[in-house]
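I have placed the structure first, in the form of structure tokens, so that the comments after it can refer back to it.
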Amino acid sequence: MAAETPELPEVPEIPPTPSLPRDIPELPVIPGIVKLMPPSFVPPTAVVAPTRHLGAAVYRLLTAAAITAAVAVELHLGSPPRVLSAFAIQSSILLALVLFLSARRAWTARQPLPAWLTGAAVLYTVITALVHHVLLTRTSPAFSITGEPGTHPLWQRTATLILLTAAPIAALLDWLLLTAPDRLHLHQAAPWLLYPLAYLAFSLIRGELLPADAPDRYLHPFLDVSEHGYKHVLATALLLGLSIYALALLLVAADHTRPNPIRRRARIGFRLRPPVG
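Heads up, the sequence shown is in the numbering used here, so the first residue is -8 and it goes up one at a time.
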């Protein structure tokens, strides 16, 4: 006979797991514990009230107005295409726009303009002044933005004085006395060279397109290819480029070493006033 198979013990049935409720009821509030509110964003102006810098706004507005007036005089006395092609006019227009925007932000207590923009405006206007006073003051015939020196001596001298002497000094004073330090960086120095490089290409192409007997074929004597040749002009441009880069590095280094003239601290040591711009 075959052996009988032993019967297995019966396994008790496991009751099904009850489904969890979708909405879990809130726990009862424990006495003595304050219910926390959800986090919310608090703007900085709720902690520190924005401060308008009226003095800085007026200074920048007056400087920008003087630059604009000088540019208008040059456009009135000379040919607008020629005047607008000058590096001094282009850098002055950029500086006037930056000062106008900075004045508005200082007046309305808004954040300052990006440091790379204000630094570029200061660099270009200082380079323009240095090139004028070092390379162009003793040229013969005398250098003039309009290309016609002696037509209106008083107006031309006044406009030149504003654009190539007073405006660069005013821009430097604004940067030194009315802006916060430690905002420029070394990686910004190389991109600042793109505009002078583009202007060099524009000046050379413009000279090639104009007739050979055009009186304003080359706006700057040291870029006159017909007189000096490309080898000499490109060598001069290289030296100028290296000088601009060195000045840009000096500007960045000065920004990290100069004191903060607009710092206002409370007794506990926290700064309560934002930078002017």
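Each residue gets a CB set at the ideal place from its N, CA and C atoms; glycine is no exception.
Item	Value
By Cβ distance, which residues of its chain are closer than 7 Å to P182, with the 5 residues on each side in sequence left out?	none
Quick check on this structure: which residue in L152, Y190, A245 has the alpha carbon closest to the alpha carbon of G232?	Y190
Closer than 8 Å by C-beta to L104: which residues in its own chain qualify, once you throw out the five before and the five after it? Chain order, please.	V89, L92, S93, R96, G268
In whole angstroms, give me the CA-to-CA distance for L238 and V117.	9 Å
Where are the alpha helix (DSSP H) runs, 4 residues long or more, that stay fully inside the segment 87 to 159, in chain order?	106 to 122, 144 to 152
Cutting at 7 Å between CB atoms, please list the residues of its own chain near P252, excluding the five before and the five after it.	L168
Tell me whether T170 is buried or exposed, calling it buried when 16 or more other Cβ atoms sit within 10 Å of its Cβ.	buried
Going along the chain, which residues of its own chain have a beta-carbon closer than 8 Å to the beta-carbon of T299, five neighbours each way excluded?	With the chain covering -8 to 268 only, the question about residue 299 has no answer from this structure.
Would the segment 124 to 136 count as touching the segment 210 to 220 if we require 3 or more Cβ pairs under 8 Å?	yes
Looking at the unbroken alpha helix (DSSP H) that takes in G61, where does it start and where does it end?	The residue asked about is misnamed: residue 61 is Ala in this sequence, not Gly. First-last of the alpha helix (DSSP H) with A61: 45 to 68.
Can you tell me whether DSSP reads D215 as helix, strand or coil?	coil
If contacts are defined as beta-carbon pairs under 8 Å, then A162 and V113 qualify, I think. What distance do you get, rounded to the angstrom?	5 Å
Does T170 come out as helix, strand or coil in the three-state DSSP assignment?	coil
Using 7 Å as the cut-off, classify the Cβ of Y50 as near or not near the heavy atoms of the ligand ATP, replying yes or no.	No copy of the ligand ATP appears in this structure; indeed no ligand is present at all.
Name the residue from A61, L154, S194 whose alpha carbon lies nearest to the alpha carbon of Y221.	S194
Does the beta-carbon distance from L154 to I58 come in below 8 Å?	yes
If I follow the unbroken alpha helix (DSSP H) through R197, where does it start and stop?	185 to 200
When DSSP labels each residue in this structure, what does Y236 get in the three-state scheme?	helix
On the three-state DSSP scale, how would you describe A77?	coil
For G46, is the classification buried or exposed, using 16 other Cβ atoms within 10 angstroms of its Cβ as the cut-off for buried?	exposed
Would A157 and L86 qualify as a contact pair, given that the criterion is a beta-carbon distance under 8 Å?	no
So what does DSSP say about Y248, is it helix, strand or coil?	This sequence places Thr at residue 248; Tyr is not what is there. Correct three-state label for T248: helix.
Taking the alpha-carbon of S234 as reference, which of D246, H176, P187 has the nearest alpha-carbon?	P187
How many angstroms separate the CA atom of T142 from the CA atom of A111?	33 Å
Compare the Cα-Cα distances from H247 to each of D173, T109, F134 and report the closest residue.	D173
Can you give me the C-alpha to C-alpha distance between A61 and F78, rounded to a whole angstrom?	14 Å
Is T42 buried or exposed, if buried means 16 or more other CB atoms sit within 10 Å of its CB?	exposed
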